[in-house]
Amino acid sequence: MKLKKLIGLLLVSALVLTGCGSSAEEPQATTEPAETQENTEEETEAPEPAQEENAEAAETSGESQDIMFVSIVTGGVAWGSAQKGFEDALAEVGWTGQYVSPTTPNDTAGVITLLDTAVTNKADGIITVILDTDQATDVLTKAREAEIPVVTCNTYTTEELQDCWIGTDPVNMGVTQAETVLSYLKEEKYSSFDHVTACYIQTTLETETQNLQYKAFCETIQKEYPDATLIQEECNSDAAVASDKLAALLKSYPDLNVVVSQDGYGCPGIANYVESENLSDKLIVVGIDDSEEILNYVTSGALDCTIAQDFYKMAYESVHYIKDIKEGNKPAFANDSGTIVIKEGDVEEHLKILEERGLL
């Protein structure tokens, strides 16, 4: 009987690979949080290392399921961590699954194509990232009609199109970013700053959750600096583009004194530019996410701090949400994964967390 089940699982895996494998990049590396207004959320503990087949988990979770994670990027600071959390959770519950993404980062049309393949191949559950709700409406409707549970990470659509989402609460993130900037303006290092001219460099200007974050950031800054100049830019998850955007903004706005990064892939480009141009005393720079590279920039002073989003937790919990849905225990629609502000003194402890998760 066990042999028949194993053969069946291998056949299902082969079918899914045939349908989706050609569209995805090979998985790469990864990352992730230690203090939001001194810690808004505890991090998810990484489970004990699992074997490829976790027989005990399989027995307790019933029939194995094959889950598709359709992401916008493979590897790197944020989504590499998500992939690790996804795979750890699958091993824990005894399920199979694949993490796939378009070959071009943030290719929303490519995401829709991969989602359509997952629905056509009758995946047992879908975890995904939706940057454009209108673009995704048709394929998510098809998933609904096929009764496939859908959970999104760090983005969301509507309750009609998906079961639930988990990620950084956009308003809380924007407020945390602004309050972090305002706290630095009160420190001796930046006591000469009598104004705020801030640039906010996010992934794309179409990313709805990031636009909500930017709005909350602006509103919070303007309560104390009503004449603040606030500039919104995008980098498309490209460090070189982020660096070039910052260089151009400094020419256009010579009084620029605050930089906030809202893209973990662009953040190292910003930090590298600040370091290479010796701007660390002239700019308050708030990073995002927590790769080893980004944490090293916090240690060096190129970044005053970084605000980590727990992408590992987002993906890890998403698997468990699908399990809950299948067992008739529907989770809340919105689930905040929390944020953590990491300053220089927090870096060593945070690196230990990443190491425990197998992310270093």
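The numbering of the sequence shown is this note's numbering, which starts it at 4 and goes up by one. Where a beta carbon is used, it is the ideal one built from N, C-alpha and C, also for glycine.
For the alpha helix (DSSP H) that contains residue i, what are its first and last residues?
| i | result |
| --- | --- |
| residue 137 | 136-148 |
| residue 168 | That residue, residue 168, is in no alpha helix (DSSP H); its beta strand (DSSP E) goes 167-170. |
| residue 243 | 242-255 |
| residue 89 | 82-96 |
| residue 342 | Run containing residue 342: none in the alpha helix (DSSP H); it sits in the beta strand (DSSP E), 342-345. |
| residue 350 | 350-359 |
With distance defined between alpha-carbon atoms, name the residue in the options nearest to residue i.
| i | options | result |
| --- | --- | --- |
| residue 263 | 339, 182 and 227 | 182 |
| residue 155 | 85, 221, 112 and 274 | 85 |
| residue 327 | 146, 111 and 127 | 127 |
| residue 203 | 73, 195, 273 and 167 | 273 |
| residue 171 | 339, 123 and 219 | 339 |
| residue 130 | 167, 357 and 344 | 167 |
| residue 163 | 144, 357, 314 and 70 | 144 |
| residue 96 | 69, 252 and 363 | 69 |
| residue 268 | 295, 135, 319 and 140 | 295 |
| residue 194 | 215, 286 and 352 | 286 |
| residue 270 | 245, 115, 318 and 110 | 245 |
| residue 82 | 311, 219 and 351 | 311 |
| residue 74 | 354, 67 and 87 | 87 |
| residue 146 | 165, 134 and 157 | 165 |
| residue 220 | 119, 159, 169 and 261 | 261 |
| residue 66 | 201, 337, 330 and 351 | 330 |
| residue 257 | 275, 232 and 241 | 232 |
| residue 108 | 343, 342 and 239 | 239 |
| residue 151 | 343, 318 and 324 | 324 |
| residue 140 | 161, 290 and 337 | 161 |
| residue 302 | 259, 348, 242 and 177 | 348 |
| residue 304 | 223, 290 and 313 | 290 |
| residue 184 | 342, 337, 361 and 307 | 307 |
| residue 178 | 169, 227, 206 and 142 | 227 |
| residue 99 | 318, 71, 175 and 317 | 71 |
| residue 243 | 119, 169 and 206 | 206 |
Just the Cα atoms here: how many angstroms apart are residue i and residue j?
| i | j | result |
| --- | --- | --- |
| residue 281 | residue 187 | 18 Å |
| residue 44 | residue 297 | A caution first: residue 44 carries a pLDDT of 42, below 50, which makes its placement in the model unreliable, though a value can still be read off. Looking at the two C-alpha atoms, the distance is approximately 21 Å. |
| residue 102 | residue 247 | 31 Å |
| residue 121 | residue 153 | 11 Å |
| residue 211 | residue 94 | 32 Å |
| residue 332 | residue 199 | 47 Å |
| residue 237 | residue 209 | 9 Å |
| residue 300 | residue 345 | 11 Å |
| residue 3 | residue 249 | Nothing about residue 3 can be read from this structure; the chain reaches only from 4 to 363. |
| residue 124 | residue 116 | 12 Å |
| residue 189 | residue 352 | 26 Å |
| residue 214 | residue 358 | 32 Å |
| residue 46 | residue 276 | Note on residue 46: pLDDT 46, under 50, position unreliable in the model; the coordinate value appears next. About 31 Å. |
| residue 33 | residue 77 | No answer about residue 33 holds up, because its pLDDT of 34 lies below 50 and its placement is not dependable. |
| residue 335 | residue 192 | 43 Å |
| residue 288 | residue 180 | 10 Å |
| residue 241 | residue 91 | 28 Å |
| residue 134 | residue 313 | 18 Å |
| residue 355 | residue 309 | 16 Å |
| residue 132 | residue 106 | 15 Å |
| residue 159 | residue 136 | 8 Å |
| residue 80 | residue 148 | 34 Å |
| residue 196 | residue 362 | 38 Å |
| residue 360 | residue 284 | 34 Å |
| residue 251 | residue 342 | 30 Å |
| residue 89 | residue 321 | 8 Å |
| residue 224 | residue 265 | 16 Å |
Tell me where the beta strand (DSSP E) around residue i begins and ends.
| i | result |
| --- | --- |
| residue 131 | 128-131 |
| residue 305 | From DSSP, residue 305 is part of no beta strand (DSSP E); its letter is neither H nor E. |
| residue 100 | 99-103 |
| residue 106 | Here residue 106 belongs to no beta strand (DSSP E), and DSSP marks it neither H nor E. |
| residue 154 | 153-156 |
| residue 76 | Element bounds for residue 76: n/a, residue is neither H nor E. |
Does any CB atom of chain D fall closer than 8 Å to the CB of residue i?
| i | result |
| --- | --- |
| residue 343 | The chain inventory of the structure shown lacks chain D, comprising one protein chain alone. |
Which residue or residues does DSSP assign as beta-bridge partners of residue i?
| i | result |
| --- | --- |
| residue 339 | 170 |
| residue 365 | Here the chain covers residues 4 to 363 and nothing more, so residue 365 does not appear. |
| residue 235 | 203 |
| residue 261 | 201 and 287 |
Cβ of residue i versus every heavy atom of the ligand ADP: is any distance shorter than 7 Å?
| i | result |
| --- | --- |
| residue 258 | The model on display carries no ligand, and the ligand ADP is accordingly not part of it. |
Could I get the ranges of all uninterrupted alpha helix (DSSP H) runs contained in the stretch 184-233, with 4 residues as the minimum, in chain order? 211-227
Which ranges does the beta strand (DSSP E) cover as unbroken runs of at least 3 residues, wholly within the stretch 272-334, from first to last along the chain? 287-291 and 308-312
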